[in-house]
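S.K.: So that we are looking at the same thing, I have put the structure below in structure tokens.
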Amino acid sequence: MATLKLGVLVSGSGTNLQAILDAVRDGILDAQLRIVISNKPGVQALERARIAGVPTMVLSHRDYPSRDAFDQALVEQLQANGVHWVVLAGFMRVLTPGFLSAFERRVINIHPALLPSFPGVHAQKQAFDYGVKIAGCTVHLVDGGVDTGPIIAQRAVPVLDDDDEQRLAGRILEQEHQVFVEVLRWISQDRLRIVTSPEGGRPRVILSPP
Ligand code: GRF
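Residue numbers for the sequence shown follow this note's numbering, so the first one is -18 and each next one is one higher.
In structure tokens, the structure reads:
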């Protein structure tokens, strides 16, 4: 099986990026991080990549006249670095159709809620404020919507009676780190299949046996 060539897009602290870096370092994940790109300068994710010896780049969306122009620049950099799969690890931007067609069905995202509940920002707070008893996280393929793409994997996290939003978010994050690496392992093993029923409807992601 060929080594997975990843490009990781980040905007913030990069703990999910760190989980991926650690998994590669420890030989748990057969992947090469070709580049980490942040749309914000000075974020901790960039420092994590640098420490791990992964090339980094800042492309600020503010420097581009349109979303299409920014996404085109992202595509060019990812392609120039030989990226085959794109990982959104806390990347706070919605991608354009132009970007998605360049990496068709090869972009994944992690979201800190059990989709389709609580898409968008502050998902953990949304779930906590709603009073759900089971929160969690979702890894999904990215389509043109906000957290709407086909679901690959989910992890449930019970909400405890004495929880607060921070504690809950912390336990969700621990699960994020595990499930993100697990999904990347499945991708590296070429085990994900996208199926659509003859009656139409949403595409489904199926995990084939090793
Ligand atoms: C995570 O909660 C992830 O689910 C969401 O953004 C956050 C990023 O955290 N998309 P980190 O930068 O990986 O620490």
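Glycine included, every Cβ here is placed at the ideal spot set by N, Cα and C.
Nothing here was measured: the structure is a model prediction, and the numbers come from that model.
By the 10 Å Cβ neighbour count, where 16 or more other Cβ atoms means buried, how is Val244 classified, buried or exposed?
M.R.: Limits of the chain in this structure are -18 at one end and 191 at the other, which puts residue 244 out of reach.
S.K.: Where do the N-terminal and C-terminal ends of the alpha helix (DSSP H) with Val24 fall, by residue?
M.R.: Where Val24 is concerned, there is no enclosing alpha helix (DSSP H), given that its DSSP letter is neither H nor E.
S.K.: For the alpha helix (DSSP H) containing Lys114, name the first residue and the last one.
M.R.: Note, Lys114: premise wrong, no alpha helix (DSSP H); not H, not E.
S.K.: Could you give the residue range of the alpha helix (DSSP H) that holds Val75?
M.R.: Here Val75 belongs to no alpha helix (DSSP H), and DSSP marks it neither H nor E.
S.K.: Using the Cβ count rule (16 or more neighbours within 10 Å means buried), how would you classify Arg15?
M.R.: Buried, since its Cβ has 16 or more Cβ neighbours within 10 Å.
S.K.: Please state the DSSP three-state secondary structure of Ser178.
M.R.: The answer is strand: DSSP assigns Ser178 an E or B state.
S.K.: For Thr129, which of helix, strand or coil comes out of DSSP?
M.R.: It is coil, neither helix nor strand.
S.K.: Around the C-beta of Val127, are 16 or more other C-beta atoms found within 10 angstroms, so that it is buried, or is it exposed?
M.R.: Classification for Val127: exposed.
S.K.: I think Ser(-6) touches Ala26, with their Cβ atoms under 8 Å apart; what is that distance to the nearest whole Å?
M.R.: Right, the Cβ-Cβ distance comes to about 6 Å (below 8 Å), so this counts as a contact.
S.K.: Using DSSP bridges, identify the partner residues of Leu14.
M.R.: According to DSSP, Leu14 bridges with Leu(-13).
S.K.: Would you mind stating whether Pro93 and Ala104 have Cβ atoms separated by less than 9 Å?
M.R.: It is a contact, given that the beta carbons lie within the stated cut-off.
S.K.: Taking 8 Å as the cut-off, is the CB of Val(-9) close to at least one heavy atom of the ligand GRF?
M.R.: Yes, since a heavy atom of the ligand GRF falls inside the 8 Å radius drawn around the Cβ of Val(-9).
S.K.: Decide if Ser19 is buried, meaning its Cβ has at least 16 other Cβ atoms within 10 Å, or exposed.
M.R.: Classification for Ser19: buried.
S.K.: Whose C-alpha, out of Lys(-14), Ala116, Arg74, is nearest the C-alpha of Val123?
M.R.: The residue with the shortest Cα to Cα distance from Val123 is Arg74.
S.K.: Going by the CB atoms, is the gap between Val160 and Arg136 shorter than 9 Å?
M.R.: Cβ distance < 9 Å, so Arg136 and Val160 count as in contact.
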